[in-house]
Amino acid sequence: MSSTSAALAARLLSNLSDPLQSAAVSVRPHLDEVLRSCGASVADTGGSLSISGADPIIPSRLPFGTMSAVGLAAKAVMMAKAWRVRTGIGQDIHVDVPLALRRFSPFAEGKWELVNGFPGKADPYNPFGSPNPLFHRTKDEQWMMLLNIYPAIRERAVRLLGAGGSGEAIAEAVAQWNGADLEEAAAAAGVVGALARPVAEVVELPAFTDSVGGMPLISIEKVADGDPVPFAPNARSPLDGVRALGTAHVIAGPSIGRGLALHGADVLNVWRPSDVEQELFHYTSHVGTRSTTLEIADAEQRATFLDLASTADVFYSNRRPGWRERFGISADELRAVNPGLIDVQVLYAGESGPWSDRVGFDISAGAAWGLNNIEGTDSRPEHPPIYVICDYVVGWLATAGAVAALLRRATEGGSYRVRVSLSRCALWLPEMGVFDRDFARSVAGSGPGHIYPDPEQFTVETPLGTYTGVSETVRMSATPGAYAYPLTPLGSWKPSWL
3 MSSTSAALAA
13 RLLSNLSDPL
23 QSAAVSVRPH
33 LDEVLRSCGA
43 SVADTGGSLS
53 ISGADPIIPS
63 RLPFGTMSAV
73 GLAAKAVMMA
83 KAWRVRTGIG
93 QDIHVDVPLA
103 LRRFSPFAEG
113 KWELVNGFPG
123 KADPYNPFGS
133 PNPLFHRTKD
143 EQWMMLLNIY
153 PAIRERAVRL
163 LGAGGSGEAI
173 AEAVAQWNGA
183 DLEEAAAAAG
193 VVGALARPVA
203 EVVELPAFTD
213 SVGGMPLISI
223 EKVADGDPVP
233 FAPNARSPLD
243 GVRALGTAHV
253 IAGPSIGRGL
263 ALHGADVLNV
273 WRPSDVEQEL
283 FHYTSHVGTR
293 STTLEIADAE
303 QRATFLDLAS
313 TADVFYSNRR
323 PGWRERFGIS
333 ADELRAVNPG
343 LIDVQVLYAG
353 ESGPWSDRVG
363 FDISAGAAWG
373 LNNIEGTDSR
383 PEHPPIYVIC
393 DYVVGWLATA
403 GAVAALLRRA
413 TEGGSYRVRV
423 SLSRCALWLP
433 EMGVFDRDFA
443 RSVAGSGPGH
453 IYPDPEQFTV
463 ETPLGTYTGV
473 SETVRMSATP
483 GAYAYPLTPL
493 GSWKPSWL
C-alpha cells in the first residue's frame, strides 16, 4: 500500500469511527486543495469568493452539498482565471451550498428539466432500472448492484444471469450466485456489477491499495512538449475560440462539454449510428453542446473525425476501457494528428492496475467503495436520499482540469492528459467527513442554510420545443455564462466546427 493509499484509508476509517455531530465540513479548504491541483487559487479570480449554507441539507451521512459546491466553485474559479488572463478583468463569485446540491442531481425527480412540460424518458421496461430494486441478495447473503440500464449491457447481463427480462427473474438469478463470484463474472462479461462493501473491506482491496486509493482527484499531466498556443485576442467569454470534441454519454462525460459550452467553447459531441442515449440524460447533461453522427469504425468517417480532432483544443470522453483504442482514436492516436491537444478522460476506477478494465456508473462505484454501507448498515446497505453519487462533480472537476491545461498550454506549450475517476471521487465524500446519523436527520431542512431549495431555472425555445432547465447556480459577476445552443437533437449537426 502506498503512503497516499494508507493515509486515505486511515482518514476514511477515522471519519467512520468518529462521525461528525456538527456542521463541520467546510467548502473552502477542500476547494483550495482542488485548485492547487489545477495550479490555481481563489486569488486568481481578481475578486472575492463567498459561500453560504452548509451540510447536512438532505438526511444523508455524506456531505453531498459540500462536494457539489466545491466542484461548481472550482469550475467557476478556473473560468474566472481564464477570463482574467485574457482580459485583465477580475470578478466576484458566490456559491450557495444548498443550491449547488440542487444543481447536482436535477433530473432524478422528473420535474425540473422538461421539454414542453415533460421530463425526458428512460427505459421503463429495463429489469435493472427503476422501479426495480438497486440491490439484490446473493446466495451467500451479500448485496449486489446490477445497474445495466443501456440496451447492450442489459442484454449481456441477462445472458450472464441466464434470466428472463423481469426484475423478479433477475432477483431469482442473483440469488443463485455467491457475491464475489458474480462480481468477477460481471467484470469479465463487461457488465455493471458491484458488491456493497463495508469501508473496512474497501481499504483492503488491491484496487484501493494499488490504484484508486493513491490517485489524486484530478490528474493533469504534461505528456509532450510543444509550442505555446495562446488564446485568441478580443475574448467575449472565458473560452471564446476554444474547440472541444467529445465522445461522451450519460452524465459525467457530457457535463464536461456542458461546462465548456456555458463559457463560450464550441463543443461538438460525436455519436456512432448504433449509440443509444437516454432522453433523461440528454435533457440534463448534453445541454449547450452540439452533436453529430459519424461511424468511426469506417475508415473514411474516422478520417473526418480525426480531421475534427486535428483542430480541436480539447478532447473529452467517458467510454469504457479499450473503446477508444478499438476505433483508432486513443490518446496517442489523437496526439499524432494534434500535438497540442488536451485529452480529458473520465475513468471508472484507475487507468491501470486492479479494476482498470471494469465498467460502471457512479452509483455502482458508490456501492463498491462502501458508500451504501455508510448510508445504511453493513448488513443492509441503503442508497443515499439523492440519486446521483458523484457524476456531475466528476464532470465539473474534469472541466476545471481542462481549463487549467489550456492555461498552461497558452504559456508553456505542450500536450496534456486530464484524468478524473468516478471511484476516487466517490471516496472523496467520506474522506471529507461522515455525519452522525441522528445529527444529519435532525439538522437537514431545519433552518436557514440547511434547507433543500427548489432550483434556479431557465426556459428557452429550442428545436425540440420549450426547454426548462436548471441554472448553474454559481454567481459570477463578470462571466455568468450562457448557452448558444441550449438543447438540440442528438447527432443532428454536420461534422464541422462553427
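Mapping of the sequence shown onto the working numbering: residues 3 to 500, in sequence order.
Beta carbons are placed, not taken as given, at the ideal position from N, Cα and C, and that holds for glycine.
Predicted model, so just to flag it, every value in this text is computed and none were measured.
Could you tell me the boundaries of the alpha helix (DSSP H) in which residue i lies?
i, result
"residue 106", "99 to 106"
"residue 176", "169 to 176"
"residue 81", "66 to 89"
"residue 405", "393 to 414"
"residue 504", "Residue numbering for the chain in the displayed model covers 3 to 500; residue 504 lies beyond these limits and cannot be assessed."
"residue 160", "153 to 163"
"residue 248", "Residue 248 -> not in any alpha helix (DSSP H); beta strand (DSSP E) instead, spanning 245 to 249."
"residue 303", "301 to 312"
"residue 445", "439 to 445"
"residue 494", "Unbroken run through residue 494: none, as it is neither H nor E."
"residue 2", "This structure cannot speak to residue 2, because the chain is shown only from 3 to 500."
"residue 210", "208 to 211"
"residue 360", "Counting along the chain, residue 360 falls outside any alpha helix (DSSP H), and DSSP gives it neither H nor E."
Between which two residues does the beta strand (DSSP E) holding residue i run?
i, result
"residue 224", "221 to 226"
"residue 273", "268 to 273"
"residue 434", "From DSSP, residue 434 is part of no beta strand (DSSP E) but of the alpha helix (DSSP H) over 424 to 434."
"residue 145", "145 to 147"
"residue 467", "467 to 472"
"residue 281", "From DSSP, residue 281 is part of no beta strand (DSSP E) but of the alpha helix (DSSP H) over 281 to 287."
"residue 563", "Residue 563 lies beyond the residue range present for the chain, which begins at 3 and ends at 500; the question has no answer from this structure."
"residue 316", "316 to 319"
"residue 460", "459 to 464"
"residue 291", "Element bounds for residue 291: n/a, residue is neither H nor E."
"residue 139", "137 to 139"
Taking all protein chains shown into account, decide if residue i is buried (16 or more other Cβ within 10 angstroms of its Cβ) or exposed.
i, result
"residue 499", "exposed"
"residue 258", "buried"
"residue 453", "exposed"
"residue 120", "exposed"
"residue 123", "exposed"
"residue 93", "buried"
"residue 175", "buried"
"residue 382", "exposed"
"residue 462", "exposed"
"residue 127", "exposed"
"residue 141", "exposed"
"residue 186", "exposed"
"residue 115", "buried"
"residue 413", "exposed"
"residue 232", "exposed"
"residue 35", "exposed"
"residue 16", "exposed"
"residue 161", "exposed"
Going by the beta-carbon positions, is the gap between residue i and residue j smaller than 8 Å?
i, j, result
"residue 130", "residue 159", "yes"
"residue 275", "residue 297", "yes"
"residue 345", "residue 317", "yes"
"residue 468", "residue 118", "yes"
"residue 488", "residue 289", "yes"
"residue 264", "residue 418", "no"
"residue 304", "residue 324", "no"
"residue 241", "residue 270", "no"
"residue 243", "residue 77", "no"
"residue 332", "residue 495", "no"
"residue 172", "residue 163", "yes"
"residue 144", "residue 181", "yes"
"residue 99", "residue 29", "yes"
"residue 358", "residue 340", "no"
"residue 481", "residue 239", "yes"
"residue 471", "residue 227", "no"
"residue 69", "residue 430", "yes"
"residue 492", "residue 273", "yes"
"residue 209", "residue 351", "yes"
Report back the beta-carbon spacing between residue i and residue j to the nearest angstrom; my notes put them in contact at under 8 Å.
i, j, result
"residue 420", "residue 446", "Their Cβ separation, rounded to whole angstroms, is 34 Å, which puts residue 420 and residue 446 out of contact at 8 Å."
"residue 237", "residue 47", "Their Cβ separation, rounded to whole angstroms, is 16 Å, which puts residue 237 and residue 47 out of contact at 8 Å."
"residue 268", "residue 251", "No, residue 268 and residue 251 are not in contact; Cβ-Cβ is about 20 Å, not under 8 Å."
"residue 184", "residue 166", "That pair is no contact at about 17 Å."
"residue 356", "residue 448", "That belief does not hold up - the Cβ atoms of residue 356 and residue 448 are roughly 42 Å apart, past 8 Å."
"residue 33", "residue 72", "5 Å"
"residue 198", "residue 369", "5 Å"
"residue 254", "residue 393", "5 Å"
"residue 49", "residue 95", "7 Å"
- For the 8 Å Cβ check, are there 3 or more pairs between the stretch 397 to 416 and the stretch 432 to 442? no
- Is the stretch 49 to 62 touching the stretch 98 to 117 in the sense that three or more CB pairs, one from each, lie closer than 8 Å? Because the criterion of three Cβ pairs below 8 Å is met, the stretch 98 to 117 and the stretch 49 to 62 touch.
- Counting Cβ pairs, one atom from each stretch, are 3 or more of them under 8 Å apart for the stretch 417 to 430 and the stretch 356 to 370? yes
- Examine the Cβ distances between the stretch 64 to 74 and the stretch 12 to 21 and report whether three or more of them are shorter than 8 Å. no
- Is it a yes or a no for the stretch 218 to 238 touching the stretch 33 to 41, going by three-plus beta-carbon pairs under 8 Å? yes
- Query: So, do the stretch 191 to 211 and the stretch 6 to 13 have three or more beta carbon pairs nearer to each other than 8 Å?
  - Reply: yes
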